[in-house]
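Residue numbers (full-length UniProt numbering): 1 to 306.
Just so it is clear, CB atoms sit at the ideal spot from N, CA and C, and this is done for glycine as well.
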């Protein structure tokens with residue numbers, strides 16, 4: 001039995017709508033339905049009366065709802081207690097960051113900051129964008145590292161959090177090359193032959209920035225979306241396999257561009273500049289975390305003066 005099955009069930013108990021709950025749980029309706037079935041199989045009893053419209057809870061489902069709420073409440077309370085023990089440690093600095101930045105930016109950036117403060121004891125929780133935001137909001141991390149763009153609402157109260165720019169990047173539309181060296185999947189595409197598009201999921205901050213750029217263009221590109229993922233690394237793998245074009249962080253693919261394994265699939269107007277931002281709560285953090293913040297701010301000032 002998985003915790004997410006309980007969360008799925010409670011969402012469905014609230015909405016009584018498989019499609020709506022699937023959206024709220026950031027999954028597809030078929031996958032959501034399978035997870036509800038798995039929970040019912042684990043319990044050995046049906047929880048949902050599917051023959052009625054709208055659906056309803058069976059007697060077993062009504063009884064299990066209260067139990068599931070209590071189980072989750074206790075689990076999350078234990079998790080929060082344990083995490084607060086970690087957060088309270090004067091020597092542990094906890095970050096949450098998107099997968100792409102965890103792999104391609106965090107290691108060298110933290111080394112730069114450590115040149116001022118010495119080696120730090122840090123923990124990095126890597127996840128997709130919306131989970132990172134929730135992690136910071138719930139106080140389960142001291143800092144959040146993410147891509148930022150003027151079009152992307154982070155849903156962080158401005159009076160409760162502050163941020164600094166710690167870097168910049170560009171999202172480039174890239175493809176494998178064809179025999180003549182140009183992009184095999186080129187922008188803007190045509191009606192007769194739309195470009196195969198490998199897209200970010202709606203939960204991705206990068207994806208929202210790309211969507212904003214596409215929506216603002218006076219002439220819409222002819223794209224055929226053939227794949228979706230919230231992970232830039234997965235999209236990169238699909239691009240390498242020749243499945244289509246995707247907007248990827250330049251820092252992630254610069255070696256492939258230099259070697260000619262990937263090529264830019266459009267002119268400069270298709271490029272999306274983004275910031276890399278470090279967020280923290282306004283309230284005071286443990287001393288080591290405050291020292292780290294001061295060092296990160298100093299690094300930002302140094303970079304601006306260069």
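Burial state of residue 22, where buried means 16 or more other Cβ atoms lie within 10 Å: Residue mapping note: residue 22 aligns to position 22 of the chain shown, counting from 1. Flag for residue 22 reads buried.
When 14, 217 and 140 are compared against residue 94, the one with the closest alpha-carbon: Here residue 94 refers to the residue found at position 94 of the chain shown. Checked all of 14, 217 and 140; the closest Cα to residue 94 is 140.
Candidates 299, 205, 30 and 173, of which the one nearest residue 154 by Cα: For the purposes of this step, residue 154 is taken as the residue at position 154 of the chain shown. For the residues 299, 205, 30 and 173, the minimum Cα distance to residue 154 belongs to 205.
Sub-8 Å separation of residue 185 and residue 196 beta-carbons: Along the chain shown, read from residue 1 onward, the residue named residue 185 stands at position 185. Along the chain shown, read from residue 1 onward, the residue named residue 196 stands at position 196. Yes, the pair counts as a contact, with Cβ atoms nearer than the cut-off.
Start and end residues, beta strand (DSSP E) containing residue 169: Position 169 of the chain shown, counted from the start, is the residue given in the question as residue 169. Its beta strand (DSSP E) spans residues 161-175.
Supposed close pair residue 166, residue 276 - CB separation, criterion 8 Å: Working through the chain shown from its first residue, we reach residue 166 at position 166. Working through the chain shown from its first residue, we reach residue 276 at position 276. Between residue 276 and residue 166 the Cβ distance is about 5 Å, and since that is below 8 Å, they are a contact.
Local Cβ density within 10 Å of residue 3, reported as buried at 16 or more and exposed below that: Here residue 3 refers to the residue found at position 3 when the chain shown is read from its first residue. The residue is exposed, with fewer than 16 neighbouring Cβ atoms inside 10 Å.
The region 168-175 in contact with the region 265-284 per 3-pair CB rule at 8 Å: yes
Among 144, 150 and 168, nearest to residue 161 - alpha-carbon criterion: The residue labelled residue 161 in the question sits at position 161 within the chain shown. The candidate whose alpha carbon is nearest that of residue 161 is 144.
4-residue-minimum alpha helix (DSSP H) runs that sit fully inside the region 215-293, ordered along the chain: 232-240 and 250-259
Residue 283 burial status per 10 Å Cβ neighbour count (16 or more: buried): As a position in the chain shown, residue 283 is number 283, starting the count at 1. Exposed, by the Cβ-count rule.
Rounded Cβ spacing between residue 164 and residue 274 (contact assumed at less than 8 Å): By one-based count along the chain shown, residue 164 stands at place 164. By one-based count along the chain shown, residue 274 stands at place 274. Not really, about 15 Å apart at Cβ, beyond 8 Å.
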